[in-house]
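Student: Please see the structure below; I have some questions.
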Amino acid sequence: MAEVARQLTPEEEKQSIRDIAVAAEAQTKVGDTFYLITQRLMLLGKSKPRARLIRWWQGWLEYANQTQTGNTNDGSSSEQHDSGSSSALKRPSGIDNSDLIDEAVSEDSALGIELHDTLVEGTDYILLPQEVWNQLYSWYGGGPVLARKVINTGLSQTELSVEVYPLRLQLHLMPKGERSAIRISKKETIGELHGRACEIFNLTPKKVSIWDYFSHRKHALMNDMEKTLDDANIQMDQDILVEVINNETEGGMGSIQENGSVYNGNVAVASSGGLSASKHSARNGNAESQLQNLNMERACGSTGVSTRGSSCGLTGLLNLGNTCFMNSAIQCLVHTPEFARYFREDYHQEINRQNPLGMVGELALAFGDLLRKLWAPGRAPVAPRAFKAKLARFAPQFSGCSQHDSQELLAFLLDGLHEDLNRVKHKPYIKSKDADGRPDEEVADEYWANHIARNDSIIVDVCQGQYKSTLVCPVCNKVSVTFDPFMYLSLPLQPATTRSMTVTVFTCDGSALPAAFTVTIPKQGRCRDLIQALSNACSLQLNEKLLLAEIRGHLIYRFLEDPLISLSSIKDDDHLTAYKIPKVLKNTKFLQLIHRREEGTGNAQSILGWKPYGTPLVSPISCDDTITRSDIQLIVHTMLSPMLRTKSSGAITTSNASLAASNQSRADSNTADQMKGDGDSSKPASFQKLPLQLVDENNACIDLTVGDDKVVKLSSSSMSILVFVDWSQKLLGSYDTSHIENLPEICKYGHVSKKARNEPLSLYTCLEAFLREEPLVPEDMWYCPQCKERRQASKKLDLWRLPKVLVIHLKRFSYSRSMKHKLDTFVNFPIHDFDLTNYVANKNNTRHQIYELYALTNHYGGMGSGHYTAHIKLLDENRWYNFDDSHISPINEEDVKSGAAYVLFYRRVDSERSSASNGVYSTVSSTHNFASHS
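In the working numbering, the protein residues as written are 7 to 940.
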């Protein structure tokens, strides 16, 4: 009988893969094969309590990196390998790449296996060298096998990338009208494409010519058989015309071939269709300048043949290492018509080298140089190294290869360009005046004139607007009105004035089970607002009040007794409770009942001890009365009585809870009176002592099951009396403690109401939330000139003057104490006819404020990672394109909107040509009522 091959231990697998990977990476070259391997979710863990979802590759890494505590097995089964230690991770199952496959397309496609179009390296898949894949495949099997080739990319064509998405081309056979789709590498030659076309349509090669058929127009004859499709500027989903030549047309092709050779003779590195992988580059300092010279020769030596390569504004930016955040912002600014026109003309005379707030003009010069490259004829992607170097010099926070916030970079660029191009060389000192009852129009014009006297640049001309800010003192009602400039609007994705908070209400007299109530309160409200809303929700009696407490680690972290405490200090992932207590309380302390239970390793011989769990209960105790240990037992019995199980049904129902509690409460009260009245230690037969321990002022635990009549000495330094109740398995059989175990968070992140799921959030709704009156946060209080003190005033913003280009930032990123969140909320923003007329507070301005979207940045993925792209409309072509670093591809207008939209760029439509809008703008828009968008 043949001996079964020994299965490798995790450590041996890790070492083997490491050695193979190091050797393979060092020898990577063009033409090598890499393989996609899924990072799809899999179940990892030997037992159900430890099972969790993890991605396949990460699962294997954890499996290979685990500490080996047991002996190696004989390799007969993976289950045996896990038996050595209860904590060992289970060996991953077979590789399953099916989630990478677009089955719907693959079934109907002649192209074979097709990947989903939106896969992201590092998130959906990783790339492994052939040797590493072969080894893993021999161990785990699976599939399907997804092999991809290494190609050279970049300006110098010395950077290596894996072509995950080869070109997908649509072949059109004329005059027959047949069509066929093929996949082919961008590094294949025109000759290879010609041969493939002839093979597919069964044609004689000598009688076939192929054309660049972009937008179904003959742009250039592709007759240079040695040129690559990359150099010929062929893009993803390109149309290729396959034309059968007859004798009549064959003789008339000389001039066309000659003209075509001018186009094909120029080097233009097209952006790749989704390249990804580790890049290995041999730097060539002259490559970039040589390409620029070639582009200039094309611009000067064009023969007038219409070619797609000669269109401007479709040049990509190479990713220099997590620079997609920069590339997306730059492309939006570069494609702002006013900036494109300004920086392509002579702007040098406006550079302000003396401005101490600027960058000596270097940022403006670097940006202008980059813009000219991106608008030069040709489609060769540009490496923005010089610009990034300047950026890192003046803004070190953007240096290195870390991912950053595209909007933060955009804000820095706009401000930095403004200071570098500020036409005001010496800023005068101007003291702002308060409105003091003057007409808003007069005050606004005065503020704007003062602003322009110190700030005058192309950025101000194009991007800066003005809003009215009104502050009202909550004490003396002093009103302060100012008019401030803005460069962009940061809009909340949820209404900013209200906040939903979930709080669990407990009783101290055992009259009801705990109940969770969700109430809506002002977002910047105070504890009194929350207490008022909870009082209404829980039908608080006139003789009761609520005591708020914050719970952390199953203990009371703090009582929120001050009604003026700001709720902004309470985060969404915190836990709050409210305790019903009598309203008239004098000289009282609060008994805190802390629940504990035994925790162990699952082995009866191994007990870790008593650990807090559940939610503490609270009951007031009068310091004027003599409190015995038996009294505390009765108080705890009263608090726990709603959770007492009945003998008949095993657990009381909510409907019977109040009755049982009231009966128990009366019994306890009578018992307590009897004990205090005659000193008799006799108790009712139903009385059952609970395992309670009281913590005295020396932090020692006192057993309350003995010495019923002993008086409890209350601490004079603390307002709380801590009592532990230890829940044994036997005691849990008498009480249903599920009501205290799962305390809900203030606001469960990611919860979306049914209405919100069905109705997309409108951009108009976000704007209205931004403009709504709100109290200032405590950290940003206003100094009232009348009170001579800092006050938490209410603030109201109104739009007063709108710019030519309106930049809108959607605030997708939020933070809590322990987590960072990204909101993937879909915002329904208008592409055409964004009507802001009725949002402008200056009613003397009768001009229609109609805007059209022309660019936006997108963010895909989570916080601190993900990927940025830009959607941009070329106004000359009236067509949208997706700018994904160096890859540029046309998109449909309906695909512009998505939940990834982050920063929107709108351009005002002139009133006299508003009728030329691509939207549905009409006279109805002039009477637009913004309430309809709510």
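For each residue, glycine too, the CB sits at the ideal point set by N, CA and C. Predicted, not measured: the structure shown is a model, and the values here were computed from it.
Taking the C-alpha atoms as reference points, what is the distance between cysteine 753 and histidine 341?
Tutor: Taking the sequence shown and counting its residues from 1, one reaches residue 753 at position 747. Taking the sequence shown and counting its residues from 1, one reaches residue 341 at position 335. Rounded to the nearest angstrom, the two C-alpha atoms are 41 Å apart.
Student: According to DSSP, which residues form a beta bridge with methionine 180?
Tutor: To locate residue 180, count along the sequence shown from 1; it is residue 174. Glu249.
Student: Just tell me which of Asn884, Asn888 and Gly406 has its CA closest to the CA of tyrosine 874.
Tutor: One-based indexing of the sequence shown puts residue 874 at position 868. That would be Asn888, whose Cα lies nearest to the Cα of tyrosine 874.
Student: Tell me which same chain residues have a C-beta within less than 7 Å of the C-beta of valine 138, skipping the five on either side of it?
Tutor: Walking along the sequence shown from the start, residue 138 turns up at place 132. Contacts found: Ile23, Ile26, Ala27 and Ala30.
Student: Select from Asp218, Ile557, Val250 and Val731 the residue whose C-alpha is nearest the C-alpha of lysine 944.
Tutor: Outside the displayed range of the chain (7 to 940) lies residue 944, so it cannot be described from this structure.
Student: For serine 438, does the count of other Cβ atoms within 10 angstroms reach 16, so buried, or fall short, so exposed?
Tutor: For this step, residue 438 is matched to residue 432 along the sequence shown. The residue is exposed, with fewer than 16 neighbouring Cβ atoms inside 10 Å.
Student: Would you kindly check if the distance between the Cβ of aspartate 462 and the Cβ of glycine 367 is under 8 Å?
Tutor: Looking up residue 367 in the sequence shown gives position 361. Looking up residue 462 in the sequence shown gives position 456. Cβ atoms of glycine 367 and aspartate 462: not closer than 8 Å.
Student: Could you pull out every residue in the same chain whose Cβ sits closer than 7 Å to the Cβ of glutamate 18, ignoring the five residues on either side in sequence?
Tutor: Locating residue 18 in the sequence shown gives position 12, counting from the first residue. Here the set comprises nothing.
Student: Tell me which same chain residues have a C-beta within less than 6 Å of the C-beta of lysine 779, skipping the five on either side of it?
Tutor: As a first step, residue 779 is located in the sequence shown; it is residue number 773 there, counting from the start. Correcting the residue type first, residue 779 is glutamate in the shown sequence and not lysine. So the qualifying residues of the chain are Ser800 and Lys802.
Student: Got a sec? Which residues, its chain only, sit under 7 Å from leucine 125 by beta carbon, not counting five neighbours each side?
Tutor: Position 119 of the sequence shown holds residue 125. Leu106 and Tyr131, listed in sequence order.
Student: Could you give the distance in angstroms between the alpha-carbon of glutamate 63 and the alpha-carbon of histidine 122?
Tutor: Along the sequence shown, one-based indexing puts residue 63 at 57. Along the sequence shown, one-based indexing puts residue 122 at 116. The residue you asked about is not glutamate; residue 63 is tryptophan in the sequence shown. Rounded to whole angstroms, tryptophan 63 to histidine 122 spans 19 Å at the Cα level.
Student: For proline 343, does the three-state DSSP call read helix, strand or coil?
Tutor: Along the sequence shown, read from residue 1 onward, the residue named residue 343 stands at position 337. Here proline 343 sits in helix by DSSP.
Student: Helix, strand or coil for alanine 518 per DSSP?
Tutor: Along the sequence shown, read from residue 1 onward, the residue named residue 518 stands at position 512. Residue state, collapsed to three classes: coil.
Student: Which whole-angstrom value describes the C-beta separation of threonine 476 and tyrosine 453, a residue pair presumed to lie in contact below a C-beta threshold of 8 Å?
Tutor: Along the sequence shown, read from residue 1 onward, the residue named residue 476 stands at position 470. Along the sequence shown, read from residue 1 onward, the residue named residue 453 stands at position 447. Wrong, their Cβ atoms sit about 13 Å apart, outside the cutoff.
Student: With burial defined as no fewer than 16 other Cβ atoms inside 10 Å of the residue's Cβ, what is the status of histidine 354: buried or exposed?
Tutor: Within the sequence shown, residue 354 is the residue found at index 348, counting from 1. It is exposed - the Cβ of histidine 354 has fewer than 16 other Cβ atoms within 10 Å.
Student: Using DSSP bridges, identify the partner residues of arginine 797.
Tutor: Against the sequence shown, residue 797 aligns to sequence position 791. DSSP, once it has assigned bridges, lists Trp788 as partnering arginine 797.
Student: Out of Leu536, Phe512 and Leu859, state which residue places its alpha-carbon closest to the alpha-carbon of leucine 570.
Tutor: Residue mapping note: residue 570 aligns to position 564 of the sequence shown, counting from 1. Looking at the Cα atoms, Leu536 is the closest of the given residues.
Student: Determine the burial state of aspartate 411: buried for a count of at least 16 other Cβ atoms within 10 Å of its Cβ, exposed for fewer.
Tutor: Within the sequence shown, numbered from 1, the residue matching residue 411 stands at position 405. When all chains shown are included, aspartate 411 counts as buried.
Student: Among Ala382, Ala392 and Ile464, which one has its Cα closest to the Cα of asparagine 358?
Tutor: Position 352 of the sequence shown, counted from the start, is the residue given in the question as residue 358. Among Ala382, Ala392 and Ile464, the Cα nearest to that of asparagine 358 belongs to Ile464.
Student: Three or more C-beta pairs under 8 Å: does that hold for the stretch 149 to 161 against the stretch 199 to 211?
Tutor: In short, these stretches do not touch, since the Cβ pair count stays below three.
Student: Could you check the C-alpha separation between lysine 20 and valine 170 for me, to the nearest Å?
Tutor: Start at 1 with the first residue of the sequence shown, and residue 20 comes out as number 14. Start at 1 with the first residue of the sequence shown, and residue 170 comes out as number 164. Going by the C-alpha atoms only, they are around 26 Å apart.
Student: Which of helix, strand or coil does DSSP assign to serine 506?
Tutor: Looking up residue 506 in the sequence shown gives position 500. Looking at serine 506 - three-state DSSP - the assignment turns out to be strand.
Student: If you count every other CB in all the chains shown that lies within 10 Å of the CB of glutamine 360, and 16 or more means buried, which is it?
Tutor: Translated into the one-based positions of the sequence shown, residue 360 becomes position 354. Exposed: under 16 other Cβ atoms inside 10 Å.
Student: For a minimum of 3 consecutive residues, which ranges assigned as the beta strand (DSSP E) are wholly contained in the stretch 422 to 464?
Tutor: As far as the stretch 422 to 464 is concerned, it has no whole beta strand (DSSP E) run of at least 3 residues.
Student: Which residue's Cα is closest to the Cα of glycine 322: Ser723, Asn884, Tyr912 and Ala876?
Tutor: By 1-based counting over the sequence shown, the position of residue 322 is 316. The candidate whose alpha carbon is nearest that of glycine 322 is Ala876.
Student: Pair every Cβ in the stretch 838 to 856 with every Cβ in the stretch 902 to 915, then say whether three or more of these pairs are closer than 8 Å.
Tutor: They touch, by the three-pair rule.
Student: Tell me whether isoleucine 746 sits in a helix, a strand or coil according to DSSP, three-state version.
Tutor: One-based indexing of the sequence shown puts residue 746 at position 740. Note: isoleucine 746 maps to helix in three-state DSSP.
Student: Rounded to whole angstroms, what is the Cα-Cα separation between asparagine 406 and glycine 471?
Tutor: For the purposes of this step, residue 406 is taken as residue 400 along the sequence shown, with counting starting at 1. For the purposes of this step, residue 471 is taken as residue 465 along the sequence shown, with counting starting at 1. Checking the sequence, you will find glycine at residue 406 rather than asparagine. Computed Cα separation, rounded: 34 Å.
Student: With distance defined between alpha-carbon atoms, name the residue in Cys544, Cys533, Ala518 and Arg534 nearest to threonine 524.
Tutor: If you number the sequence shown from 1, residue 524 lands on position 518. Comparing Cα-Cα distances from threonine 524 to each of Cys544, Cys533, Ala518 and Arg534, the minimum goes to Cys544.
Student: Looking only at its own chain, which residues have a Cβ that is under 6 Å from the Cβ of proline 781, when we skip the five neighbours before and after it?
Tutor: Residue mapping note: residue 781 aligns to position 775 of the sequence shown, counting from 1. Around proline 781: Gln530, Gln798 and Ser800.
Student: Using DSSP with H/G/I as helix, E/B as strand and the rest coil, what is leucine 540?
Tutor: Locating residue 540 in the sequence shown gives position 534, counting from the first residue. Helix at leucine 540.
Student: In angstroms with no decimal places, state the Cα-to-Cα distance between glycine 620 and isoleucine 746.
Tutor: In the sequence shown, counting from the first residue as 1, residue 620 sits at position 614. In the sequence shown, counting from the first residue as 1, residue 746 sits at position 740. Cα to Cα, the separation comes out at about 5 Å.
Student: Under DSSP, the alpha helix (DSSP H) around alanine 398 begins and ends at which residues?
Tutor: Position 392 of the sequence shown holds residue 398. Note, alanine 398: alpha helix (DSSP H), 391 to 400.
Student: What span of residues does the beta strand (DSSP E) with cysteine 707 cover, start to end?
Tutor: Working through the sequence shown from its first residue, we reach residue 707 at position 701. That run of the beta strand (DSSP E) goes 707 to 709.
Student: Serine 438 CB to nearest chain C CB: under 8 Å?
Tutor: Given the protein chain composition of this structure (a single chain), no chain C is represented.
Student: When you compare only the Cα positions, how much space is there between valine 485 and methionine 787?
Tutor: The residue given as residue 485 occupies position 479 in the sequence shown. The residue given as residue 787 occupies position 781 in the sequence shown. Approximately 15 Å, taken between the alpha carbons.
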